[in-house]
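Input: a single structure, listed below in structure tokens.
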Amino acid sequence: LRYFNVAAEEKSLTRAAEILEVSQPAIGMQIKSLEKRFGVNLFDRHAKGVSLTPEGKFFHEKAKEILVMANQLDRKMKSRGTRKRGIVRIGITPSLISTIVPNSLERCYDSHPDMTLLFVQGFAKNLLEDWQKDLLDFAFINQKIETSLSSSYPLYSEELKLIGDPEIISEIPSPVPLEVLQKLPMLFDGNDIELRAKVDDGLSNKGLELNDVIEISSYTIRKELVKQKRRFCVAPTALFSNDIQMGYCKAVPIKLNTLSRTVYLVGPREELMSDYQLVIFKHIKDLINENLESGELDWKKPNQK
79 LRYFNVAAEE KSLTRAAEIL EVSQPAIGMQ IKSLEKRFGV NLFDRHAKGV SLTPEGKFFH
139 EKAKEILVMA NQLDRKMKSR GTRKRGIVRI GITPSLISTI VPNSLERCYD SHPDMTLLFV
199 QGFAKNLLED WQKDLLDFAF INQKIETSLS SSYPLYSEEL KLIGDPEIIS EIPSPVPLEV
259 LQKLPMLFDG NDIELRAKVD DGLSNKGLEL NDVIEISSYT IRKELVKQKR RFCVAPTALF
319 SNDIQMGYCK AVPIKLNTLS RTVYLVGPRE ELMSDYQLVI FKHIKDLINE NLESGELDWK
379 KPNQK
């Protein structure tokens, strides 16, 4: 199955052989064996390589699920059969760092000192890609995923807001009209193409565009410019929660309905989780529920308006 899967993804037996470090004839023999067994052609061969037939596409989808299950089962059995240090890899977005990371580390160490948590920061889209490559056990994402092996668990809903100088924001109507937003000195993360597109599209629909905008990839520099009251940004309240509480910034909704989203935690189905994965999964759910009850981060229960 692994030989077939790599060949299908690379669309080349030669490239698959290089990746798997085996001979090309060995891969060809394995694929022919599969085709003979099922009585169908899985690949169409041509000068540029190979492409999947309709039967091959069907088989590829099922083969991927089996390989993922095999990898997850391997990790699950190893976690049950050994006392070695347990490692759980979690992909987290910038807005959740101060909320999830410290509390997760503290709680997990108190209850399971043999567990190690590895956090990887990134945007939801990139984290999903890393999770799909099996580089992460869990990831915070913005879309629903359901397979026979994996599930995305809805955690909370939030609205991205305009954040900046409290004095100026206090004088702006709420929710902020796009005609007002376009005139403000704005700041965006150069890597967050999706958010910038939502704002630009909303303005464009009204024949507007931002008058003064810069992009900076550094999370630290962006926060500092907003705290210094030099720029405004569109972000989840959680990203600036401490600064808002101390009065450095203020958050206010924007009159643009595309800025609402639901945050999911994607990972193995609960019944397929290893003991360590199950521990951190429950800790994260508890932390989210505590923040939902406090109301400090403007989170709402999924599907709650």
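This note's numbering numbers the first residue of the sequence shown as 79 and each following residue consecutively. For every residue, glycine included, the Cβ atom is placed at its ideal position computed from N, Cα and C.
Asked: Anyone know if the C-beta pair for residue 343 and residue 231 falls short of 7 Å?; Found: yes
Asked: What are the uninterrupted segments assigned as alpha helix (DSSP H) that are 4 or more residues long and contained completely in the segment 228-274, given in chain order?; Found: 244-248 and 256-259
Asked: Could you give the DSSP three-state label for residue 294: helix, strand or coil?; Found: coil
Asked: Check whether the segment 297-316 and the segment 165-180 touch, using three or more Cβ-Cβ pairs below 8 Å as the test.; Found: yes
Asked: Can you grab the Cα-Cα spacing for the pair residue 251 / residue 299, in whole Å?; Found: 28 Å
Asked: Are the CB atoms of residue 182 and residue 361 within a distance shorter than 7 Å?; Found: yes
Asked: Put residue 125 into one of helix, strand or coil per three-state DSSP.; Found: coil
Asked: Assign residue 369 to buried or exposed, taking buried as 16 or more other Cβ atoms, counted over all protein chains shown, within 10 Å of its Cβ.; Found: buried
Asked: Measure from the alpha carbon of residue 213 to the alpha carbon of each residue in 227, 221, 225 and 196, then state which is nearest.; Found: 196
Asked: Residue 307 by DSSP, collapsed to three states: which one?; Found: coil
Asked: Name the two residues that bound the continuous alpha helix (DSSP H) containing residue 189.; Found: 175-189
Asked: Are there three or more Cβ pairs, one per stretch, closer than 8 Å when the segment 254-265 is compared with the segment 279-291?; Found: yes
Asked: Note the first and the last residue of the continuous beta strand (DSSP E) segment covering residue 51.; Found: In the structure as shown, the chain begins at 79 and stops at 383. Residue 51 is therefore absent and cannot be evaluated.
Asked: With the cut-off set at 7 Å, would you say residue 170 and residue 218 are in Cβ contact?; Found: yes
Asked: Opposite residue 85 in the DSSP bridges: which residues?; Found: BP columns for residue 85 are empty, so no partner.
Asked: Could you tell me the distance, in whole angstroms, from the CA atom of residue 161 to the CA atom of residue 145?; Found: Because residue 161 sits at a pLDDT of 41, beneath the cut-off of 50, its placement in the model cannot be relied upon, and the point is left open.
Asked: Among the candidates 138, 209 and 134, whose CA atom is the shortest distance from the CA of residue 168?; Found: 209
Asked: State yes or no: is the C-beta of residue 82 nearer than 6 Å to some heavy atom of the ligand GTP?; Found: As presented, the structure is devoid of all ligands, the ligand GTP included, so that no description of it is given.
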